[in-house]
Every structure is written in C-alpha cells, then in structure tokens.
Amino acid sequence: MAARDLWQVRQRLERGEAVVAGVLSGTSADGIAVALTRFGVEAAPGQPVALHFPKVLAFDTRPFPAEVGARVRGVLDGAGLSLRETALLSRDLGRAFGQAVRDLARERQLEVDLVGSHGQTVYHHDGVEPSGPATLQLGDGDFVAEHAGCTVVSDFRQRDIASGGGGAPISALADELLFARVERPAIILNLGGMANLTVLPSEPDGELMSFDTGPACGLLDGLARRFLGRPYDPDGSSARNGRSHAGLLHELGKHPFLDHAPPKSTGRDTFGEHWIDALVERARELGVLASDRQPEDLLATATHFVAQCAASHWQRFAPRNTRVLVVCGGGSRHGPLQEMLARLAPFPVVSSAEYGVQPEAREALVFATLAARCLLGQAVSRTSATGAKAGRVLGKISPPALTV
505 MAARDLWQVR
515 QRLERGEAVV
525 AGVLSGTSAD
535 GIAVALTRFG
545 VEAAPGQPVA
555 LHFPKVLAFD
565 TRPFPAEVGA
575 RVRGVLDGAG
585 LSLRETALLS
595 RDLGRAFGQA
605 VRDLARERQL
615 EVDLVGSHGQ
625 TVYHHDGVEP
635 SGPATLQLGD
645 GDFVAEHAGC
655 TVVSDFRQRD
665 IASGGGGAPI
675 SALADELLFA
685 RVERPAIILN
695 LGGMANLTVL
705 PSEPDGELMS
715 FDTGPACGLL
725 DGLARRFLGR
735 PYDPDGSSAR
745 NGRSHAGLLH
755 ELGKHPFLDH
765 APPKSTGRDT
775 FGEHWIDALV
785 ERARELGVLA
795 SDRQPEDLLA
805 TATHFVAQCA
815 ASHWQRFAPR
825 NTRVLVVCGG
835 GSRHGPLQEM
845 LARLAPFPVV
855 SSAEYGVQPE
865 AREALVFATL
875 AARCLLGQAV
885 SRTSATGAKA
895 GRVLGKISPP
905 ALTV
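In structure tokens, the structure reads:
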C-alpha cells in the first residue's frame, strides 16, 4: 500500500489520528531510541490546531547494527572521518533509524504516518567557533523515509542556527507541551550525554529559558568504559562506593563554560574524550585515581561535578519560587546522581515518569512533537531558549514514496 501524502498526514494530525514516531541516537550513542505516539488535538473554529500531550503507543531503545554502532562510537571518541566515510555513515544511519521505526511499528501492528528524526550529532559548536555556530547530525532524512515508509522531518537544528540561534537545546521547544501538567515555575533537567535545563515560567506565555549546564552521561559513561569495562556504571554503584575529592571538584568548577550566560550550548569539543583524558591525568596527580582498579573516588567526584554544574545554573537563573525539578534522560537511572541533586536542590526532585514521560523516552517524544508541529506549519523557535529569532518552523521534510 502506498504511503499517505503530506496533505493526508496533515489531515490525520488535525483529527488526532496520526501515528507519529520520534527517533534519534543521543550524544551517549547507546542505541536508537524510538517512540510511537498519537497526539491529542484541540481545534477551535478559525484557530490553528493545538497539539496536546501525546499518548505513547510504544517505546524502545534498539541496538545499532553492530558495524554501524562501532563507527558511531569511534567518531564520538575522536576518530576522524573522511568525506567518503561521513557520507557513508549518514546513509547507513538513515537506513538504521528508518528500519528501527518500521520494526517497532510492525511489532505493535501500527502504521506510522510521520517520523521526526533527529539523527546522530557528530559535531556541535561549543560557542567558541569564531565564525559562528554550526552543527552536523548524520542520518539522512531521505534514507529514513525510504526505510520507514512514510513522511520524515529531520535536521531540526539547522534553521535554528540559520536564524541566529545556537541550535540547542531544542528539546526545550517541546517541553511546555510534554510537561504541561507540571506545577510552575518548574525546571526540567535532561541528563543525556550533556545536561540541559529548561525553566518553565509561571505563565504559559511567559519567557521560557533553556541552556546546557555541562557534561552528564558523556563524562560518567566515558569513565565507566575506561575503568569498569562497561558502557555505563549500573545505577551508579561504583560511584556510590567512592568519595568525592574536594580539590579536584573545585578545579573542575573553574571551567570557563560554567560562567557563560545563556543561551548557550556545549558538546564533545569541550567535554569530550580529550577533556576526559586531562581529567584522568589530573586525578592521578592528585591521588584521586591511585590505581585503574580503584576508580570509585573519581567516579564519585565526576558524579558530584555533574550535579554541581546543574545546581550552579539553577541557583543563578531559575526563579526563587521554583516548585519542582523534573529529571529525565539516561542519567536519571544513576542513583548517587539523583541523591546529590536532591541534596543540592531547595525544591522537590522527581522523575519525569511522575508526569507520564518515561525518562529515556523524553528526547524521542521531543522530536515526534517537533515533526508534528513542522508539518502543521507551526513556528517553535524561541529567542530565550536558543537565541534564534522567533517565528521559525524547524525541520526539513522528506515526503514518502507515493507508489509501490
């Protein structure tokens, strides 16, 4: 059966019938996250369609095809890519993202109308590029469309940057919908490869603020791969057995990124493998890492640093009457990190699951939301979130094949 054309998909969106997928691999690159959703809608006569909280029909994190996953891991760990290798990886990731959507939909006996594909970030400026911001996500949307068998919206960051923004954290541009039931003012803290924070204002039309706060799982998982031989520290159990080192923590807290005012974003150019190399070397000099077989104190210090970065930012920029801190992302599974956040926060710290958003699914839900808004022609850019000019629709559309 031929896929639905753009007009048909838009009509189904407006009636609340469309199945919309969000798919991505985050900066931790631990797999392909796929969410299948259906949005509630409100359509008053003469008014644009308003999307409501999406019903999650399915969510899963699928492994990369082994060879593709190894190439992604290599790039994120600092391996260079030729132009040929970049083109091939973008093609192969597009195929993998589209197939992951198609497979999950088939298992749940659903027909997907629309996919929002973020891709895999392999380069993102850190605010220090003298010529201005730039970003690159691999996983071409046309290949996603061919393998998913439906309309795809992708490449969301580029228009934000083209209109003066930093291109991140664009997840904030969907948070007011995903967390509409949260008592405000509130903070949404996403602990992915990097940590980003969204401040939801008291009034629905108030000024939303969002920015990166520093490293998160990119640091914690990077250390786990080096010293535990695992992709991550399960539940932070090794970090729990260590003690945070005050001297190293103080030095880490002097990083210049932490003093920058928002809007701002960061990535692996600043907090990637070369930075972790320097951190490990300094830990050895200070005696924090006396042996590679005893990394617990270093893991505990890194955990404290992630929490301290977030806390220093909400102390400076969040309203004093903030009601709650809502935590999502893979770092929400790290027990000691959640405990540290709770000790530092003067307000309750809760999982996003309490508001119907599975922590690991939040980013996939973001891109499903942005895809739906793109196809409806709804502008989402916010100067206070990323620095972009207002009134921009984000994303590029890859139509489906209309014949079989």
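Counting from 505, one number per residue, gives the positions in the sequence shown under the working numbering. Beta carbons are placed, not taken as given, at the ideal position from N, Cα and C, and that holds for glycine.
Bounds of any alpha helix (DSSP H) do not take in Phe683, whose DSSP letter is neither H nor E. Here Phe568 carries a coil assignment [DSSP, helix/strand/coil]. Comparing alpha carbon positions, the residue from Val560, Asp737, Ala562, His629 closest to Pro840 is Asp737. Per DSSP, Gly726 is one residue of the alpha helix (DSSP H) stretching across 721 to 731. In terms of Cβ geometry, Ala547 and Glu589 do not form a close pair [threshold 9 Å]. No Cβ-Cβ contact shorter than 9 Å links Gly722 with Gly757. With a contact defined as Cβ atoms closer than 8 Å, Leu642 and Gln624 qualify at about 5 Å. Rounded to whole angstroms, Thr887 and Thr717 show a C-alpha spacing of 18 Å. Gly669 counts as buried, since at least 16 other C-beta atoms from the protein chains shown sit within 10 angstroms of its C-beta. Gly544 and Gly582 have their alpha carbons spaced roughly 42 Å apart.
Membership of Phe543 in the beta strand (DSSP E) is indicated by the continuous run 536 to 546. If the five residues before and after Thr805 are omitted, its C-beta is found closer than 7 Å to the C-beta atoms of Ser748, His749, Leu752, Leu753, Val792, all from its own chain and listed in chain order. The three-state secondary structure of Thr770, taken from DSSP, is coil. Judged by DSSP secondary structure, Ile780 falls within the alpha helix (DSSP H) whose first and last residues are 777 to 790. In the three-state reduction of the DSSP assignment, Ile665 falls in the helix class, which pools H, G and I. If you draw a straight line from the Cα of Arg508 to the Cα of His778, it is about 47 Å long. Ranking Ala666, Gly573, Val861, Arg837 by CA distance to the CA of Thr890 puts Ala666 first.
Here the alpha carbons of Arg516 and Gln882 stand approximately 16 Å from one another. DSSP places Gly623 outside any alpha helix (DSSP H); the residue lies instead in the beta strand (DSSP E), whose first and last residues are 618 to 628. One Cα belongs to Ser742, the other to Pro735, and the distance between them is close to 13 Å.
Taking 9 Å as the cut-off, the beta carbon of Arg827 is found closer than this to the beta carbon of Pro852.
Checking the DSSP bridge columns, you'll see Phe821 has no partner listed. Annotation for Thr590: the continuous alpha helix (DSSP H) segment containing it runs 587 to 611. Rounded to whole angstroms, the Cβ separation of Glu650 and Gly620 is 16 Å, and the two are not in contact under 8 Å. The beta carbon of Pro689 lies closer than 8 Å to those of Val703, Leu704, Pro705, Ser706, Ala822, Pro823, Asn825, Thr826, Arg827 in the same chain, with the five residues before and after it left out. Contact between the segment 724 to 732 and the segment 556 to 567 is absent: fewer than three C-beta pairs spanning the two stretches fall below 8 Å. Nearest to Ala875 by alpha-carbon distance, out of Leu597, Gly710, Val656, is Val656. Assignment of Phe851 by DSSP, reduced to helix, strand and coil, places it in the coil class.
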